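To start, the structure under review is shown below, and the notes come after it.
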Amino acid sequence: MKILSVVGARPQFVKLAPVAHAFTGRAEHIILHTGQHYDERMSDAFFRDLGIPAPDVNLGVGSGSHGAQTGAMLEGIERVLTEKMPDWVLVYGDTNSTIAAALASVKLHLPLAHLEAGLRSFNRRMPEEHNRVLTDHAADLLLAPTTVAMDNLVREGLAERSVLVGDVMTDVLYATRDAVAANPAPFGLGDGDYVVATLHRPDNTDDPYRLQAIIDQLASLSLPVLLLAHPRLVRLAGESGMRLDRGAIRVVDPLPYPDLVSAVMKSAGVITDSGGLQKEAFLLRVPCTTVRPETEWVETVELGWNVLVGADLSALATAAMRAAPVPTDATPYGTGHAADTVADALLSRGA
Ligand code: UD1
């Protein structure tokens, strides 16, 4: 059986890793990289560090407006699918690479599977919300990570095409956690003596007033803040003449995945607007403060490990410095074996 995975952005490489390993020896697995992320630290480092085979094709699409970027991907993916004619196309998450591959596949009548189906923020300002809803409704097989995601799919009339497989990010996180457990805290910092922060959502970065208010809060914290600066944040702060490295903030480049996991494990807390990092913090039992009005990963909030800070940014510093919550042994994201279930789900459906 021939399965073609389409990926393009950093979180998708993380999800691809355990899935690519699970297909090894069981199916022909082709990797198509759209080139949405292209910096060494945003792309190649993940393939290398997570032992993912090099992409069979890289479209090299790069950055652009949503329309230009998605359109270029659609054209390139269609060309590759027409040549490879896989039995299944597998798409991941909610990026522009996901929706482009979904559209290309269904128009060519190629069976489409969506990994991380059913997540909803119910925030229609997020490009990702449209990408994931449209992809779910186009797909033939919906691979849901959680029971909450399954419930969303059932509510949207998609039950017949949906299957609960668990969360593949848990697989890769647990394997990495065990491999880096003995690493020291990064940049000469002490265990539990710093906070890890990331910011890249347009709703936070593109309005200079909001971005300034977030940076002010981070700068005021009583612990050093390692700001792992996404290129988008650096570019937009630069364009509005905003200094990021002040007060408690230490600006560093995005970290390779194993270093990120290690840095979060040793930190006092995480402040982020990333989807994946909220969940990684929870799985590592590190308190997270999410700079968004809502989250797709509602379990992290319900279990007390994630606090949302949306409109009222003055609450950010206090939330970030709160004490750790009551310990929990809940496993809403599975136990680290989801990728095998994903492979089984696809292979059992045949060509
Ligand atoms: C994309 C995804 C988002 C995901 C994020 C992970 C969409 C709509 N958004 O957002 O869901 O959480 O990836 O990082 O698909 N840039 C570089 N080098 C790179 C990549 C990007 O410099 O390798 C800069 C460019 O200035 C670019 C900007 O970052 O314009 C934004 O990149 P883009 O891929 O459009 O979206 P992300 O913000 O990364």
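Just so you know, the sequence shown maps onto residues -1 to 349 in this note's numbering.
All residues carry an ideal CB built from backbone N, CA and C; glycine is no exception.
Predicted model, so just to flag it, every value in this text is computed and none were measured.
Starting from residue i, follow its DSSP beta bridges and name the residues at the other end.
| i | result |
| --- | --- |
| Tyr36 | Its beta-bridge partners do not exist; DSSP assigns none. |
| Ile97 | DSSP output for Ile97 lists no bridge partner at all. |
| Val55 | Leu30 |
| Tyr90 | Leu113 |
| Asn121 | The partner list for Asn121 (beta bridge, DSSP) is empty, contrary to what the question assumes. |
| Leu139 | Ala111 |
| Leu162 | Ala142 |
| Ile247 | Val223 |
| Val232 | None, per the DSSP bridge assignment. |
| Leu311 | DSSP, once it has assigned bridges, lists no residue as partnering Leu311. |
| Ala195 | Leu225, Ile269 |
| Ile1 | His27, Trp86 |
| Asn304 | Cys286 |
Our contact map puts residue i next to residue j with C-beta atoms below 8 Å; I'd like the distance itself, whole angstroms only.
| i | j | result |
| --- | --- | --- |
| Ala336 | Phe21 | Not confirmed; about 13 Å, so no contact. |
| Gly6 | His31 | 6 Å |
| Leu113 | Leu141 | 5 Å |
| Thr174 | Tyr255 | 6 Å |
| Tyr207 | Ser265 | At roughly 28 Å, the Cβ-Cβ gap does not stay under 8 Å, so Tyr207 and Ser265 are not in contact. |
| Leu314 | Gln210 | Incorrect: roughly 13 Å between the Cβ atoms, too far for contact. |
| Val289 | Leu197 | 7 Å |
| Ala343 | Val163 | 6 Å |
With a threshold of 6 Å on Cβ separation, who are the neighbours of residue i within its own chain once the five nearest residues in sequence on each side are excluded?
| i | result |
| --- | --- |
| Met263 | Leu282 |
| Val70 | Per the sequence presented here, residue 70 reads as Ala, with Val not at that position. Only Val59 meet the Cβ criterion. |
| Ser238 | Pro206 |
| Gln10 | Tyr90, Gly91 |
| Ala227 | Val249 |
| Asp37 | none |
| Ala354 | Residue 354 is absent from the model: the chain starts at -1 and stops at 349. |
Quick one: residues in its chain with C-beta nearer than 8 Å to the C-beta of residue i, no 5 flanking neighbours on either side, listed in chain order?
| i | result |
| --- | --- |
| Leu79 | Leu2, Val87, Ala102, Ser103, Leu106, Leu108 |
| Cys286 | Gly267, Val268, Ile269, Thr270, Leu275, Gln276, Ala279, Phe280, Thr298, Trp303, Asn304, Val305 |
| Ala328 | Glu297, Leu301 |
| Thr339 | Val163, Gly164 |
| Ala25 | Met(-1), Lys0, Ile1, Ala341, Leu344, Leu345 |
| Phe120 | Glu127, Glu292 |
| Val390 | Since the displayed the chain opens at -1 and closes at 349, residue 390 lies outside it and no answer follows. |
Using 8 Å as the threshold, is the C-beta distance between residue i and residue j below it?
| i | j | result |
| --- | --- | --- |
| Val350 | Met167 | Any question about residue 350 goes unanswered here, given that the chain covers just -1 to 349. |
| Asn360 | Asp92 | This structure leaves residue 360 out entirely; the chain is present only between -1 and 349. |
| Ala361 | Pro51 | Residue 361 is absent from the structure shown; the chain starts at -1 and stops at 349. |
| Val146 | Val307 | no |
| Ala183 | Val223 | no |
| Ser218 | Ala177 | no |
| Ala235 | Leu225 | no |
| Met40 | Pro325 | no |
| Gly348 | Met83 | no |
| Leu311 | Ile213 | no |
| His361 | Arg8 | It is not possible to answer for residue 361, since the shown part of the chain is limited to -1 through 349. |
| Arg159 | Asp138 | yes |
| Asp169 | Gly334 | yes |
| Gly33 | Leu57 | yes |
| Thr144 | Tyr331 | yes |
| Ile75 | Pro53 | no |
| Ala309 | Pro291 | yes |
| Met319 | Ser220 | yes |
I'd like the list of long-range same chain contacts for residue i, defined as Cβ closer than 7 Å, with 5 residues on each side in sequence excluded.
| i | result |
| --- | --- |
| Asn150 | Gly116, Arg118 |
| Asn181 | Ser260 |
| His64 | Asn94, Pro125 |
| Ala322 | Pro285 |
| Asp189 | Ala183, Lys264 |
| Leu187 | Pro222 |
| Leu231 | Leu197, His198, Thr203 |
| Glu294 | Leu117, Arg118, Ser119, Gly273 |
Sorry if obvious, but does the Cβ on residue i come closer than 7 Å to a heavy atom of the ligand MG?
| i | result |
| --- | --- |
| Arg118 | The ligand MG is absent from the structure shown, which contains only the ligand UD1. |
* Examine the Cβ distances between the region 133 to 146 and the region 95 to 106 and report whether three or more of them are shorter than 8 Å. => yes
* Touch test, the region 199 to 207 against the region 40 to 50, Cβ-Cβ under 8 Å, three pairs minimum -> no
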